[in-house]
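So, in structure tokens, the structure goes:
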């Protein structure tokens, strides 16, 4: 398993999100969405490329490798579960829930995330705990 920084996980997640919207993902797109400079994004993409998580030709599209997509999807799913738990169960304002989920998704253990997922699934399905 890769030990990526929170920042690199955020880059993978953003590439995944942009890709889901059928967009060709480029440095500029990521920089605009994350409100970062293109040189910062380029440096991060080069780090992800050296880890074998993305493919990127200079000035070209950015694509997730199979392993990169797996990690990106895991980060995205964690984020969505936490955000939806905050909004639907704890009734936190969606803007705050989004911000908090972005922070929390990186620090929860696998076991805590699994339990949160199970709890949220039961609540959504209407089961009693």
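Numbering (our numbering), first residue to last: 83 to 211. Glycine included, C-beta positions come from ideal geometry on N, C-alpha and C.
Could you give the DSSP three-state label for residue i: helix, strand or coil?
{"i": "residue 144", "result": "strand"}
{"i": "residue 189", "result": "coil"}
{"i": "residue 136", "result": "strand"}
{"i": "residue 105", "result": "coil"}
{"i": "residue 100", "result": "helix"}
{"i": "residue 86", "result": "coil"}
Between residue i and residue j, which are expected to be in contact by the criterion C-beta below 8 Å, what is the C-beta distance as a whole number of angstroms?
{"i": "residue 144", "j": "residue 136", "result": "6 Å"}
Verify whether the separation of the beta carbon atoms of residue i and residue j is less than 9 Å.
{"i": "residue 97", "j": "residue 134", "result": "no"}
{"i": "residue 187", "j": "residue 169", "result": "no"}
{"i": "residue 138", "j": "residue 153", "result": "no"}
{"i": "residue 117", "j": "residue 100", "result": "no"}
Just tell me which of the options has its CA closest to the CA of residue i.
{"i": "residue 202", "options": "172, 153 and 88", "result": "172"}
{"i": "residue 147", "options": "119, 125, 182 and 94", "result": "94"}
{"i": "residue 106", "options": "205, 174, 141 and 161", "result": "141"}
{"i": "residue 110", "options": "104, 103, 102 and 122", "result": "122"}
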